[in-house]
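What follows is one structure encoded as structure tokens, with my remarks underneath.
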Amino acid sequence: MQFIVKSGASTPEEKFIIEMQGDLESRNKEHLEGKFIGDLHYTKDGTPIIIIGHHILYGKVVVLDKPLVALEKIQVSKDGSDSLISGNSDGEEMMDLDAEMETKTEYRVKSIIRKKLVFKTRPKPIIVVPKVGESN
Amino acid sequence: MEDPLLFDRSLADVSTMVEHAKLVESDLLPLSQVVSFTTNLMGDNIKLLEVSKEIASELEAGDVLTLRGEEGDNTVICSKTKTFDIKEAETSNSLLLVSQLTFPDQISKTDSRKLGWRSVGGVFYKYLELQEVRPKLRKLLQLLSETPFTEDSSRSGQVGPSFGELLDKVQASEEEIKVGLKEFECLEVEKMWFVLDQDYQMKILSYILRFFDENSWKFDCVQKKETVSALSELVPENIVSQVFSFYCQPMTGGGEDEFSLDTDKVCRFYGDFLLAANTGYLLTEFLEMWQKAVPDGITTDIAQLAGLVLVEDKEPPVIKRFTESSLPPTITERLTVLFTARERWTVEEISPFVSTLTTSKLNVKALLTKYARPINMGGTKYFCAKHGK
Numbered sequence: 239m240q241f242i243v244k245s246g247a248s249t250p251e252e253k254f255i256i257e258m259q260g261d262l263e264s265r266n267k268e269h270l271e272g273k274f275i276g277d278l279h280y281t282k283d284g285t286p287i288i289i290i291g292h293h294i295l296y297g298k299v300v301v302l303d304k305p306l307v308a309l310e311k312i313q314v315s316k317d318g319s320d321s322l323i324s325g326n327s328d329g330e331e332m333m334d335l336d337a338e339m340e341t342k343t344e345y346r347v348k349s350i351i352r353k354k355l356v357f358k359t360r361p362k363p364i365i366v367v368p369k370v371g372e373s374n
Numbered sequence: 003m004e005d006p007l008l009f010d011r012s013l014a015d016v017s018t019m020v021e022h023a024k025l026v027e028s029d030l031l032p033l034s035q036v037v038s039f040t041t042n043l044m045g046d047n048i049k050l051l052e053v054s055k056e057i058a059s060e061l062e063a064g065d066v067l068t069l070r071g072e073e074g075d076n077t078v079i080c081s082k083t084k085t086f087d088i089k090e091a092e093t094s095n096s097l098l099l100v101s102q103l104t105f106p107d108q109i110s111k112t113d114s115r116k117l118g119w120r121s122v123g124g125v126f127y128k129y130l131e132l133q134e135v136r137p138k139l140r141k142l143l144q145l146l147s148e149t150p151f152t153e154d155s156s157r158s159g160q161v162g163p164s165f166g167e168l169l170d171k172v173q174a175s176e177e178e179i180k181v182g183l184k185e186f187e188c189l190e191v192e193k194m195w196f197v198l199d200q201d202y203q204m205k206i207l208s209y210i211l212r213f214f215d216e217n218s219w220k221f222d223c224v225q226k227k228e229t230v231s232a233l234s235e236l237v238p239e240n241i242v243s244q245v246f247s248f249y250c251q252p253m254t255g256g257g258e259d260e261f262s263l264d265t266d267k268v269c270r271f272y273g274d275f276l277l278a279a280n281t282g283y284l285l286t287e288f289l290e291m292w293q294k295a296v297p298d299g300i301t302t303d304i305a306q307l308a309g310l311v312l313v314e315d316k317e318p319p320v321i322k323r324f325t326e327s328s329l330p331p332t333i334t335e336r337l338t339v340l341f342t343a344r345e346r347w348t349v350e351e352i353s354p355f356v357s358t359l360t361t362s363k364l365n366v367k368a369l370l371t372k373y374a375r376p377i378n379m380g381g382t383k384y385f386c387a388k389h390g391k
């Protein structure tokens, strides 16, 4: 049995990763959608700094020794016409038996990641002392 | 196209934050990137796979990776030339995937401060790792051994697997399967692949060698066209031509139709043939019989049987068939069998039996150092079982 991993009609996009220690607030995706995460700055000597909530984290730019590719599992028609039948969004195991169907499973390379920002230093808390006269 | 944002953020908001964080704005490059989650986050159908730079480039260029395996197998991934195990790695970090990101070297120091908007399309806590492994060619041999090609096969219309079927069932890359087919001396007949039955192979080889003798050709200069054409009355042309190629290589400095017989290979085949017929021989008897069996002008040497035989430490010594392909596929199990068969081995003696388990990270010496115990006897270095007597 074989499943193909390929680029598909278009060249994969280049994407990037921001890597941070620990879990983000919640793993519940609905809760996160559309939400603001933080502000990303760089010092003049190129050190990335990210301010998330009441924390400030320092990091570095890393070129990946081993690039990552993002694979999307899709069903294509068996005649190889490459038309998408349906996206598969319920996290099934990789080895599907779909021999009876007129479709086959393929893994499309959606993007390639070669660079990331890594924030590994422990977050420093930001203490905001309201000034006299400020409303907040 | 930008995601509509569910929040507002201005340059002033960002500057305020910088101030609260006790950073000095003039110490920062003039681009601040506002990072948020997209409204349409990726589901579990997207997975991250770690690959080599080489494979990343191949994928960009349109090459494919293929996942291979049948039920009960651990899935492997194959490029055109290599085979890899897939392992899932978890990280204690969160990996946020962004489609756009500006890096320090892309920002001009003299611009005025601007904001950039960056959407995180997905968060990952796991990724898949590739580990290069030896192709699982044992399955190839097993599959082919189910339908060997015998003298009757042409007439009976014997069916065997196609290359496509082999790709489907064997966990190896295309290139590796092709190399395997060559190593196992497989025959292609009407786009199907076969191993040749030993008796039939002996028959065909004998015809070929006898023809060389009848023409008084020297072994280093024999002719293909005439041989194949003359023998096609006895054996289908396609078959005799392939068997010819198993044993004859183009002659160095020879003409287009001139080939040299690989006499070592011939001896090996004859030796294997004799040993397959019997469970064991006294070494001295075997060597005599073997030399007599091969054509005149060819000299046998036990080195030609490397990886095929075991000479037991008995008095008088006994030789029996002992093939690498019959040994267990894992290192520890294989070494147990080897050290049970013989208490100690030199590196040279044991190499043919373990070389298929080596990888680019673990060669024979490294393998033995890790899994066996070196001992020195009478100035010769041997390896024996790591534990036990």
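Top to bottom, those sequences are chains D and F.
Just so we're aligned, residue 239 is where the first sequence starts under this note's numbering, counting upward by one.
Just so we're aligned, residue 3 is where the second sequence starts under this note's numbering, counting upward by one.
Built from N, CA and C at the ideal position, the CB exists for glycine as well.
Just to check my reading of the structure: residue i and residue j have Cβ atoms closer than 8 angstroms, yes? What is that Cβ distance to the nearest angstrom?
i: F:G71; j: F:Q173; result: 6 angstroms
i: F:C250; j: F:I300; result: At roughly 14 angstroms, the Cβ-Cβ gap does not stay under 8 angstroms, so F:C250 and F:I300 are not in contact.
i: F:G118; j: F:Q35; result: 4 angstroms
i: F:N47; j: D:K311; result: 5 angstroms
i: D:G276; j: F:V37; result: 6 angstroms
i: F:A91; j: D:I350; result: The pair is not a contact, with the Cβ atoms about 18 angstroms apart (cut-off 8 angstroms).
i: F:L285; j: F:V339; result: With a Cβ gap of about 21 angstroms, F:L285 and F:V339 do not count as contacting.
i: F:L31; j: F:I109; result: 5 angstroms
Determine the direct distance from the alpha carbon of residue j to that of residue i, and round the result to whole angstroms.
i: D:G284; j: D:K362; result: 19 angstroms
i: F:S158; j: F:K205; result: 18 angstroms
i: F:S156; j: F:V191; result: 9 angstroms
i: F:D259; j: F:P252; result: 8 angstroms
i: F:D199; j: F:K372; result: 39 angstroms
i: D:G291; j: D:A308; result: 29 angstroms
i: F:V296; j: F:F288; result: 12 angstroms
i: D:K298; j: D:K358; result: 9 angstroms
i: F:V66; j: F:N280; result: 48 angstroms
i: D:G325; j: F:Y129; result: Because the pLDDT of D:G325 is 44, which lies under 50, any placement of that residue in the model is unreliable, and the question is left without a value.
i: F:S362; j: F:D107; result: 37 angstroms
i: F:P331; j: F:E62; result: 35 angstroms
i: F:C53; j: F:T85; result: A small correction: the amino acid at residue 53 of chain F is Val; Cys does not occupy that position in the sequence shown. Their Cα atoms are separated by approximately 12 angstroms.
i: D:S315; j: F:E56; result: 30 angstroms
i: F:L1; j: F:S175; result: Chain F is shown only over 3 to 391; residue 1 of chain F falls outside these bounds and no answer can be derived.
i: D:F274; j: D:I288; result: 13 angstroms
i: F:K24; j: F:K111; result: 21 angstroms
i: F:E21; j: F:R11; result: 16 angstroms
i: F:M379; j: F:C386; result: 11 angstroms
i: F:F246; j: F:L329; result: 30 angstroms
Closer than 8 angstroms by C-beta to residue i: which residues in its own chain qualify, once you throw out the five before and the five after it? Chain order, please.
i: F:I179; result: P137, L139, L142, F165, L168, L169 and V172
i: F:I96; result: The question names Ile, but residue 96 of chain F in the sequence shown is Ser. V125, F126 and Y127, listed in sequence order.
i: D:M333; result: With a pLDDT of only 45 at D:M333, under the threshold of 50, the placement of this residue in the model should not be trusted, and no figure is reported.
i: F:S327; result: R140 and L143
i: F:D315; result: R344 and E345
Kindly list the residues whose CB is nearer than 6 angstroms to the CB of residue i, restricted to its own chain and excluding five residues on each side of it in sequence; keep chain order.
i: F:P68; result: Sequence check: residue 68 of chain F is Thr here, not Pro. So the list reads C80, once near-sequence residues are dropped.
i: D:E257; result: K354 and V356
i: F:G182; result: L139 and L142
i: F:S353; result: V366
i: F:L189; result: F151, F196, L198 and Q244
Does any residue of chain D bring its CB to less than 8 angstroms from the CB of residue i?
i: F:F39; result: yes
i: F:N378; result: no
i: F:Y129; result: yes
i: F:E326; result: no
i: F:M19; result: yes
i: F:S164; result: no
i: F:P137; result: no
i: F:E177; result: no
i: F:P106; result: yes
i: F:A23; result: yes
i: F:L13; result: no
i: F:L67; result: yes
i: F:G74; result: no
Tell me, please, whether the CB atom of residue i is closer than 8 angstroms to any CB atom in chain F?
i: D:M332; result: At D:M332 the pLDDT is 42, less than 50, meaning the model places this residue with poor confidence; the figure from the coordinates comes in the next sentence. Chain F contact via Cβ: present.
i: D:V314; result: no
i: D:S245; result: yes
i: D:T361; result: Reading off the sequence shown, one finds Pro at residue 361 of chain D, where the question assumed Thr. Chain F contact via Cβ: absent.
Spatial neighbours of residue i within its chain, please: C-beta separation below 7 angstroms, excluding the five flanking residues on both sides.
i: F:Q160; result: T149 and F151
i: F:M194; result: V161, G162, P163 and S164
i: F:L13; result: R115 and L117
Is any non-hydrogen atom of the ligand GTP found closer than 7 angstroms to the C-beta of residue i, if you look at the structure I gave you?
i: D:K304; result: As far as ligands go, the structure on display features none, and thus does not contain the ligand GTP.
Quiz item: So, do the stretch 306-316 of chain F and the stretch 217-231 of chain F have three or more beta carbon pairs nearer to each other than 8 angstroms?
Solution: no
Practice problem: Scan the stretch 292-311 of chain D for residues whose Cβ lies nearer than 7 angstroms to a Cβ of chain B and list them as they occur along the chain. | Solution: Absent here is chain B; the protein component of the structure consists of chains D and F.
Quiz prompt | Validate contact between the stretch 267-286 of chain F and the stretch 233-244 of chain F using beta carbons, cut 8 angstroms, 3 pairs | solution = no
Exercise. Determine contact between the stretch 12-21 of chain F and the stretch 94-103 of chain F, defined as no fewer than three beta-carbon pairs at a distance below 8 angstroms.
Key: no
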